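Shown next, in structure tokens, is the structure this report addresses.
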Amino acid sequence: MPKDLVSIKDISKEETEALIDTALSFKAVLRRDIKKVPALRGKTVVNLFFEPSTRTKTSFELAEKRLSLDVINFAVSSSSVVKGESLLDTVRTIESYGIDYLVIRHPSSGVPHFIAKQTHASVVNAGDGINEHPTQALLDAVTMKERKGGVKGLEVAIVGDILHSRVARSNVDCLMKLGASVRLVGPPTLIPLNPPAGVKVYYDMDDGIRGADVVMMLRIQLERQGKSFFPSTKEFFKYWGLSAERLVLADKDALVMHPGPMNRGIEIASDVADCPQSVILEQVTNGIAVRMAVIYMLQ
Amino acid sequence: MMNKELLNKQDIERILSRIAHEIMEKNKGPEKLCLVGIQRGGVHIAHRLSARIDMIEHVSVPVGSLDISLYRDDISRRKKLPIVRKTDIPFDISEKVIVLVDDVLFTGRSIRAALDALMDFGRPAQIQLAVLIDRGHRELPIRADYVGKNIPTARNENIEVQLEEESAEEKVVLISGE
Amino acid sequence: MMMDKRTHIRNGRIIDPAQGMDGYGDLIVEDGLIAEVCIKGAETPRKKQSASAANPGGERIIDARGMLVIPGLVDMHTHLREPGFEYKETIKTGTMAGIRGGFTSLCPMPNTNPVNDNPTVAAFVIKKAMAEGYCSVFPIGAITKGQHGQELAEMGLMQEIGCVAYSDDGRPVMNALVMRRALEYTKAFTFPLIAHCEDLSLSDDGVMNEGHISTHLGLKGVPAAAEEVMISRDIMLAKVTGGKLHIAHVSTRGSVELIRRAKSEGISITAETCPHYFSITERAVLGFDTNAKVNPPLRTDDDVAAIKEGLKDGTIDVIATDHAPHHADEKILEFDRAPSGISGLETALALSLTLVTEGVLTINQLLEKMALNPSRILGIERGTLKTAAVADVVIIDVEKEFIVNPDTFASKGKNTPFRGWTLKGVPSVVISKGRIYDNVEWKGANG
């Protein structure tokens, strides 16, 4: 296993599978009465978040605490970054605290890659710009494996704002590596002009989710409205929203996934989000297990 | 490298029967008794002990499996990553007599980790330790309650317990290094 | 550096496209001018003599056997950063970098602080260059005040001071009407406008070429269309107005095709590209290397092929460096926050010589694009070895290999994606306005 997890592209199929299996072992730990293990006792992690995040940060923090890490949160609002300190100086300062792991979220693509080269600590990418969110892809794979017995051979439709989605970018690579077929579905304005090799692109959602084993909805960033990506959320929902009527086009046992937070009624109908096929809350639980596995396994 | 067979399949079976009897004798019957095997060899041995106790006393003693990799004290020295295997203790261990089962007792560090792990599952009335082989070289004050066979070894030697469950020819082998 | 009364360069292969000259012979520099060029025909055998020596009569003799003797290169697209950004580069260090790279004339772009949009700043640049510069400096003024793209700058008055062209380089003149007026205005004068062609609404804060690599890296892409749309507009405006237009740093196939068509229709435009647009592609960005961040962005293999075709068939007239030095602290940043630019003066010649090795250009054509054509476009009397011309002469050892090491650059800007490349072609001796710089000797002292 490498020192860092900055990109899902950096880990092999075997390593990806090992991470998924280890995550499933950790999931059992999370079901115990005492959910903490002393695995990384005496080690320190800094959660360096340059972008507001409640969910991912909470998930990482919980995962770290379950592993008995000492956790320090370094949020941008309280950091010296706002005072004009360079990113590199911030990282060097933090490294001088003597830390072992650095979890980074940053609005610029490539920052975790940049930092990983500058520090001895193990760097985990918690989302960089529109580039990657590797632990999200892994937790999605864990959820699929748990529910479907495996990822290989699954037809996975990823729907919505593909262009700006780090979740989609990491998922495409992870899923294809594990042998799934990936479809990208959404308005042409929100799908890259040069999609990754091997994926199928659909502008028509009915075609895009027909027979799919997994329908993964992405969050529509509401600030994209008014930037000519789509005319209105109402029109978006009509053509690319997941309604109950549309879901029947997918396989009857299709899983409905969403990385959260959801915009109910914009990309996903409220009743679909809560339907028995929805595994959205399981994704959240698996997120903790996956992040434990990742931090535990990095070397 | 030199391999020397120390026990064969029959030897192992005799030893396990004896330990099963000893466990019954010491605990005056199977009530409140549970077996917890340490991954991986200990789990198979625990299941076999349970089966033998069933034969002797006609009661089924519950068996759990315990993975100790998250409780080890050598995480920062690891070269190869320990695979986290399944921990499955499908019963409440509180107020129970737990017999912890492992294949080889060596430095005692695994048992220390297993004790810590068990404590996270509840507060047993008592914990006993059963091992197939005790090869000496203890680094912690730990002693087994039931020992299949004491085998004096050198530190650079290795004991390998091969079991049928791992689809191997069943035997215990002493491997001499260099 | 030294100034001899008379310098005699012997036995080199003298090439001067302006005179159609290419042959072995001697060149004599006297009082800062080219005194005499004498082509003898065949190469004469080497005599036992040191490569460069001053004889008792005060004549310095440089043995150029096995070397090319060419006009000093003219870079019509340079950023010297002074005034305002002296931590990135100064006129002194930038012109030194020019000498190291074989350039004897540099044309600094106006995006300094303050912007060179008035005669005062222009005069400062020229005065500073006279005092501290190692080579000639011909400033380029801004088209619009503050490069804001709204009001025309005093292009006429700046020309009086010595500006040779106008550009809002770094940013386009987005308002088509302003660009139309500027092009019209040039007709009263002789200077060209140099257009940085980028439709900002299309590039939309993109940081690299839009394509598979940008998708792969999750970096926001700049489509080729952002450049091509603007080139189309400016070609139309040049056609309508008859103004003198030069298109800066062409990077895409579409741009080459647009310019080729415009030229075939008789529209009077010229165009340049830079070494990085025919030497590397967007793949250089992999790993988020900010040294490969440049505007316009590095493109694809197909674009590189098209740029070479454009150079070969004359669609692209000029190879300029777009030398854009930055401080190391600015490049070691988030990719989207790092500034664009490559420190190019000290690698441009060697990178361009690979075009000769590959058979894209002859050495004569290369010299047209790096010395003669820019001089003609700018209307400066450089880029030639004619008798009585200013003595800007470069002696190149074309066979000499070197490994690019920005740490030894004379430029303050160490930002180059070519670190570690092995290149061929070293300007061993550079004569600028009669002053002799021995790069090999100097490198020995400084490298």
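Chains as they are written, first to last, in our numbering: chain A, 1 to 299; chain B, 1001 to 1178; chain C, 2001 to 2447.
The C-beta atom is built at its ideal place from N, Cα and C for all residues, glycine as well.
Quick caveat, the model's predicted, so the values are computed rather than measured.
- For a Cβ distance threshold of 8 Å, residue set 1084 of chain B lies close to residue 26/A, ordered along the chain.
- Listed as beta-bridge partners of residue 1/A by DSSP are no residues whatsoever.
- Less than 8 Å separates the beta-carbon of residue 1139/B from that of residue 1108/B.
- Comparing C-alpha distances from residue 1129/B to each of 1084/B, 1168/B, 1059/B and 1019/B shows the shortest one belongs to 1019/B.
- From the listed residues 2176/C, 2255/C, 2341/C and 2380/C, the smallest Cα separation to residue 2159/C is found for 2380/C.
- With respect to the C-alpha of residue 2109/C, the residue from 2170/C, 2286/C, 2279/C and 2151/C having the closest C-alpha is 2170/C.
- Out of 257/A, 85/A and 126/A, the CA that lies nearest to the CA of residue 52/A is found in 126/A.
- When DSSP reads this structure, residue 257/A sits in a beta bridge with 216/A.
- By the neighbour-count criterion, in which 16 or more other beta carbons inside 10 Å mark a residue as buried, residue 2370/C falls on the buried side.
- Taking the C-beta atoms as reference points, residue 2222/C is found no nearer than 8 Å to residue 2236/C.
- Not one beta carbon of chain A lies nearer than 8 Å to the beta carbon of residue 1091/B.
- A check of alpha carbon separations from residue 2372/C across 2006/C, 2097/C and 2016/C identifies 2016/C as the nearest.
- When C-beta atoms of the region 222 to 232 of chain A are compared with those of the region 195 to 207 of chain A, fewer than three pairs fall below 8 Å, so the two segments do not count as touching.
- Against chain B, the beta carbon of residue 34/A has neighbours under 7 Å at 1120, listed in chain order.
- Under the three-state reduction of DSSP, residue 2081/C is assigned to coil, being neither helix nor strand.
- Within chain A, the C-beta atoms nearer than 8 Å to that of residue 2218/C come from 109, 110, 128, 129, 130, 131, 132, 166 and 169, in chain order.
- The alpha helix (DSSP H) runs of length 4 or more contained entirely in the region 179 to 234 of chain A are, from start to end of the chain, 205 to 209.
- Looking from the CA of residue 114/A, the closest CA among 8/A, 178/A and 91/A belongs to 91/A.
- At a cut-off of 3 residues, the continuous stretches assigned as beta strand (DSSP E) that sit fully inside the region 2073 to 2157 of chain C are 2073 to 2078 and 2103 to 2108.
- For residue 2403/C, the enclosing beta strand (DSSP E) has its first and last residue at 2393 to 2403.
- Assignment of residue 170/A by DSSP, reduced to helix, strand and coil, places it in the helix class.
- At least one C-beta of chain C is nearer than 8 Å to the C-beta of residue 114/A.
- When C-alpha distances from residue 2305/C are compared across 2320/C, 2233/C, 2276/C and 2285/C, the shortest belongs to 2276/C.
- Three or more beta-carbon pairs separated by less than 8 Å are not found between the region 1164 to 1174 of chain B and the region 2017 to 2025 of chain C, which leaves the two stretches without contact.
- With a threshold of 16 other beta carbon atoms within 10 Å, residue 33/A falls short and is exposed.
- Residues of the region 177 to 198 of chain A that bring their beta carbon within less than 9 Å of a beta carbon in chain C comprise 192, 193, 194, 195, 196 and 197, in sequence order.
- A contact between stretches requires three or more CB pairs, one per stretch, nearer than 8 Å, and the region 29 to 45 of chain A fails this requirement with the region 5 to 14 of chain A.
- The beta carbons of residue 2361/C and residue 2312/C sit closer together than 8 Å.
- Under the three-state reduction of DSSP, residue 2357/C is assigned to helix.
- Only 2207, 2210, 2211, 2212, 2213, 2214, 2215, 2216, 2217, 2218, 2219, 2220 and 2221 from the region 2190 to 2222 of chain C bring a Cβ to less than 9 Å from some Cβ of chain A.
- Look at the region 2272 to 2290 of chain C: the residues with a C-beta under 9 Å from a C-beta of chain A are 2287, 2288 and 2290.
- Annotation for residue 210/A: 249 and 250 place their beta carbon closer than 8 Å to its own, counting only its chain and skipping 5 residues before and after.
- Residue 2184/C has a beta carbon lying at 8 Å or more from every beta carbon in chain A.
- Using beta-carbon distances, residue 22/A counts as an interface residue toward chain B, with a partner under 8 Å.
- Note on residue 197/A: under 16 other CB atoms within 10 angstroms of its CB, so exposed under the neighbour-count rule.
- Beta bridge pairing from DSSP links residue 2010/C with 2063/C.
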